[in-house]
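Working notes, structure below.
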Amino acid sequence: MAPKRTGKGIPMSKRVILTAPISTSLVLLVFLALFGHSSAQVDTTISQQESFSVVLPCPVNVDKCGKLHSLNWFKGDDRIAAMLLGESNVTSVNKEFDERVTVQQNPYRLVIKDLKIADEDIYLCDTTFFIPEETCDNFNGYRVELRVLVPPTEIVILDAKGDRIENGSVVGPMQERQSLKATCTVKNTRPQPEVGWFRGDKRLTTYSPTHDLNDGLYTSTLELDWPLSREDLAQDIECRVNSAAIPNTTVTKFSVDLQVRPTRIDINGVKHHTVQGSKVVLTCDIQGARPAVNLTWYNSSILINPDDNDITEIRIKSFEKKDGTYHTQSELIFNATRFENDRVFRCEAENVVLQINREKPISSVFTLEVLYPPVVKVSPSAIMTNTSEIVLLNCEYVANPASLTQVEWYRNDDLVNVNDTNHYKGGNSENVALVIKSTAKDDIGNYSCQLSNTIGKGISDQKINLDVQYVPSVEILMIPEGPVRESDESNVTLFCNVLDANPLALTKVRWYANSTLLKELPDCEETREDLCHIDPSKLLLESIGRGFFYNYSCEGYNSAGWGPRSEDKELLVHYEPGPSALTHFPLVAVKKKSVTFSCSVDDPGYPDSNRFVTKPVNHNYKKIKTQHAPLIEFHTVEALQPQEADIAFEALLLNKIQKSLPSTASPQISPRNLEASASLLAHEIKETHALIDLHLNHSHCTLLTLTTYTPQSQFLTLYTGIKQKNDSIVSPSSYALYRKMGKFSFDAQIVSKPNRYRWLRGGRGPLQDIVTKDWTVEPVGLDSRTNYSCYAYNEGGKGIMATVNLEVHAPPFFIKNLPPYTGVLHSSQNATLTCRIECVPRCDISWQKDGEPIERNDTRYFIKEKYMEASPATGDFESMLSVLHFNMSNWPLGKFDIEADNANYECVSTGNTVGASIRSRTYFGIEYAPDNTTVSENILYVQEDTIPGRILCKSRANPEPLYKWFFKNETIANGNALIINTAMKRNDNGTYTCQAYNKHGKSIAETVIEVQFKPRCEIERREIDDQDTLICTAYGNPLEADFSWSIKGENDTVQVLGSGEKKTFLEKSFYILQTDYAISRTYRCVSNNTVGSAPFCEIEVAEQLAWWQLWEKNTLIIIVAVILGLLLTVIIICCIIICICRRRRRQDKLHDKSSSLGEPLTEPGEYENLPFHGLQTAPNKTYLNPHLYPLLDC
């Protein structure tokens, strides 16, 4: 309902009261509005969304039309509002629109709130003027078309099955030529929308849309039925909606996963041809397919599978293009061979579209031409013939190109000279086969044929084995190969080894000893059948002895005949040396000297056990010539003993390969030849040190280290040769030593290998480091007193051992001698001197004092001796121990005299057969603790900030004492002199202590250092003998000081008062003040001593002292203490009185209580006269026992 108004307002629901002119005008206005409403045009159109507010304008031009009387708003043919202008501006709104419609002026307009679909219409603003002007053009009113807009609630795309397709999604997969069906629906919108299907900028042909109107809202539907093609690849299918209710075109889209066929396939790669061994890459390109194709390679009709062939590789890669199709590229990679020549390679491709439509895969082919070298084959595989025969070797081939540029034949991979027409025929490009006109031994081998064309070479995989038979060439082998020991009774097998023959098998062998035929095997004519069916190339020699010492040889027979006889091979037989003989010199060994043992044999055995000889040696057995000389290289290291040489020399001869050298006297060998010879060594000998005595121990020895030769060797020794005589006796050989700085030579003789002696010591051995025939033991010691054994040996065995016992003597020698000095405390009661002398045979010991023998009957001494056995632990022989004891009970005063008993004592031994007398001396010193310690200055005066002089400390003692200086219990110096290098301070004043000490005791002496310094003064004021006195005290060293008193006046003037009075004090001066002064004065005091004068001190005297100021400080303290004591006594007395009174008061209360129970304690009249008479009686209190609570009494 419309609101009620008061005053000028009239409720519109009741009535409208107008004056007559106004009523007439309104009737006229309504009539004109109704009359012109149907035929007028719309002036403006306004669109607004539902639920929003909209303003409809009503333009009024007062200048043209005059004063406005009223206006009416019509919706269609219905008036919804009216406004009468005047003083009250009356407005009326239709009841239906009363809540949402208002009419406004200035400017004039109609406002509709909460816009609804039913509000859509043509609105007329009809105006009425009081006196319309002729220029007014607004007689028909102002018309506004209002359109209500409603955006669609949703835009939905459905597929053919009615399933929703989301915006931006992908549909499919689908194949080309398949029909795409979809429906686009726009729901609940106003006005009617425009709907269309698009692909990019192209509008798709469709049916007409349908529009359903419900409650003023439209639902529009547009169907799509579109045949898919390659043009739809990578394109969005869009449903576009245009409407006034939405500001922009709304697009809902989806895409189609479209599958299409491949459009093209190509193969490219090799142009013209390729060469065998080259890498071939064939590329197959397939384009226009979606999805990517599956690709297959074929060699002719055979599928190519890389898994079956390691040298073939297939690489496939796909690229997606902008239109969504795939470009697939496959590479077939392989190495070209002759088998791929003229082969057709095919590439096939298909995808799902071809498979679904059952179409054939698309394909492309490529024919490959491969050029390759000849492939060669020879025949026959084997030919056996004899010498001087004709042989044909065939060779066949295939190649591209087929023309040959070169033909070559090889025997055992060596080129055959086919140009030798005397021996060969053919073997060229016109006639590839090779003919050997006359076979020979050198023609044996495997033949191969190699052909060449413009591409390359080809050689036959097979070879022709040509075998030509010829007679054998042999040598003798022995097992064991080395010398044989006679004592082993071993067997030796001789082998007739074939060096060269065809066939290699020997059917017969002739055996020779010293060029005499021993046997021809096999021997089937003998009665022994075991010699018929045997291997003729083996001959067994049983139980080898000296009788088998021959040069053996053989000759062999095969199907080609008898061959030449082999070179002689010598069989060496070793046997042991004879019994040994052992001697030594000297016959009695002496300790720390040397003894030389010599071992000799009459029968040296074979090989000879004597290494070096000085004259020809006669052998009872066959003379053996040394035909080989060893190659030796050495480094100089250090000097060793001669007997250490044999081990190294033996290792050299046993481990080096012997090389036959010319038998010239001294051939010149260059360093290059040395290196070539060294390369033949079979073993390296490293770090084997030896002294090789090549001059029979009669010349300077050369220290050598055996090692493999290197260019960095410091010394190089080469065995250059051996001179041979007709009697086969070994002559001196020349050795040359090469050095960086020069060269020198020497001669030696050698007959056989060394190391022919072994030694035992004390039954233990053999000793590995002693191998010579002579052994020098040096130095001889206690462990040398044992038995020694030696025996000769060679590769044949050991000789019989010889043994001797060595007797060793020792000359006199001190095991324990007297020390140079022996110190004994003068009060000691136990003093001894000991010496121990080693001597074999036994010797005697005596004692001497200051060169005089000490007699056995001297009671001041007694001597104890003991014979000591040998000590293997220390290596000492038998010895005498002698101890000289001092019998102190027989000495004067029972102790040593510190002056008289100092002496030289000697221990003297007699000589023996191997040594002279020896003696040992000691100085026997009587020792005592420091005594009589003194200092050079008992007191030393030194001024402050100066350095004092040196103070010496002396003391008597034996041994000489050591000194320490102490100050304030701290060590400040060591030595007998106290030297202070720093300036002295007053706190350095005091007593300095010197301590002399040795191992027997200590003694001290003291000195005082007085540090003197200038005095400082202090003034104090006191009453002395009832006189006001100033006291000036000086603090210095020395203590005694002189004083000078003065008064400081105005303008810093000084009035001298004199020296004052010192009384009995050295460091104080007293000055008595006058009693007639009343002004403030400043008194000064100056003190000085022998060091110098100190600055003045002063005191200000303001006025005369009060009576208490005249007292001394101690007096004041005593008076104050007395006063405090009296006060404390008074306080204690008061406390006692208070406690007594309180106790008495409690007793009075107790008596009062007892009086209330019995008779009164006072007379009635007496009570009435008391000041508290008439007051109320106090209440009774609990009685407290004073014995239970004693603390409450006070």
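Under our numbering, the sequence shown is numbered contiguously, ending at residue 1274. In this text, a Cβ means the ideal position worked out from N, Cα and C, and glycines have one as well.
Between S617, P307 and Y222, which lies nearest to M254 when the distance is taken from Cα to Cα?
P307
Applying the criterion that 16 or more other CB atoms from any shown protein chain within 10 Å of the CB defines a buried residue, is K853 buried or exposed?
buried
Is S335 closer than 8 Å to I347 when the C-beta atoms are compared?
no
Opposite M254 in the DSSP bridges: which residues?
L338
Neighbourhood of P273 by C-beta distance below 6 Å, restricted to the same chain and skipping five residues each side
V266, S300, V321 and S323
Please give the ranges of any beta strand (DSSP E) in the segment 225-312, keeping only runs that are unbroken, at least 3 residues long and fully inside the region.
234-239, 249-255, 259-269, 274-279, 290-294 and 297-307
Alpha carbon to alpha carbon, how far is I394 from K543?
It is roughly 38 Å from the alpha-carbon of I394 to the alpha-carbon of K543.
In the DSSP assignment, find the beta strand (DSSP E) that holds D143 and state where it starts and stops.
Premise fails: D143 lies in the alpha helix (DSSP H), V142 to C145, not in any beta strand (DSSP E).
Taking one C-beta from the segment 876-887 and one from the segment 979-986 each time, how about it: are there three or more such pairs within less than 8 Å?
no
For the candidate residues V920, Q530 and G1129, whose alpha-carbon lies nearest to that of T990?
V920
Taking the alpha carbon of K1082 as the point to measure from, which residue in P1118, D494 and T1013 has its own alpha carbon closest?
T1013
Let me make sure I understand the geometry here. Which of F1093, S1035 and D1108 has the alpha-carbon closest to that of E1100?
D1108
Can you tell me the Cα-Cα spacing of Y287 and Q258, whole angstroms?
Roughly 19 Å between the two C-alpha positions.
Inter-residue spacing [alpha-carbon to alpha-carbon] between R590 and P560:
21 Å
What is the DSSP secondary structure of V512, counted as helix, strand or coil?
coil
What residue range is occupied by the uninterrupted alpha helix (DSSP H) comprising V433?
V432 to I436
Grouping DSSP H, G and I as helix and E and B as strand, with all else coil, what is V578?
strand
Here's a check: name, in chain order, each residue in its chain whose Cβ is nearer than 7 Å to the Cβ of V668, leaving out the five neighbours to either side.
E887 and H889
Going by DSSP, what residue range makes up the beta strand (DSSP E) through C923?
Looking at the DSSP string, C923 is not in any beta strand (DSSP E), and its letter there is neither H nor E.
For T1087, count neighbouring C-beta atoms within 10 Å of its own C-beta (all shown protein chains included) and say buried if the count is 16 or more, exposed if not.
buried
S57 versus E945: straight-line alpha-carbon distance, rounded:
The displayed coordinates of the chain run from 81 to 1274. Any statement about residue 57 would go beyond what the structure contains.
I'd like the span of the beta strand (DSSP E) that includes T544, first residue to last.
For clarity, residue 544 is Ile in the given sequence; the question names Thr instead. I544 -> beta strand (DSSP E) spans I544 to V548.
Mind checking I1164: buried by the 16 CB within 10 Å criterion, or exposed?
In the sequence under discussion, the amino acid at residue 1164 is Arg, which differs from the Ile named in the question. Classification of R1164: buried, given that the 10 Å Cβ count is 16 or more.
What's the C-alpha gap between E1130 and E1103?
Near 27 Å, if we compare the C-alpha coordinates of E1103 and E1130.
P371 and V432 closer than 8 Å at C-beta
yes
Count Cβ pairs between the segment 865-874 and the segment 650-662 that sit closer than 8 Å; are there 3 or more?
yes
Could you pull the start and end residues of the beta strand (DSSP E) that M948 belongs to?
M948 -> beta strand (DSSP E) spans Y941 to M948.
Quick check on A882: does DSSP put it in helix, strand or coil?
strand
Note the first and the last residue of the continuous beta strand (DSSP E) segment covering V183.
V181 to Q184
Proximal residues to S1173 (C-beta, below 8 Å), its chain only, five neighbours per side dropped
K1094, V1166 and S1167
Between L1119, G1138 and H906, which has its C-alpha nearest I1127's C-alpha?
G1138
Using a C-beta cutoff of 8 Å, does Q1107 count as contacting chain D?
Annotation note: the requested chain D is absent from the structure, which comprises a single protein chain.
Contact under 8 Å by Cβ, F154 with L204
Result yes, Cβ atoms of F154 and L204 sit closer than 8 Å.
Anyone know if the C-beta pair for F132 and L195 falls short of 8 Å?
One thing to note: F132 has its Cβ within 8 Å of the Cβ of L195.
Runs of beta strand (DSSP E) wholly within the segment 121-208 (minimum 3 residues, chain order):
124-129, 134-137, 148-155, 158-164, 170-173, 181-184 and 189-192
Could you tell me how far apart the beta carbons of V455 and R418 are, in whole angstroms, since I believe they sit closer than 8 Å?
V455 to R418, Cβ: 7 Å. Contact.
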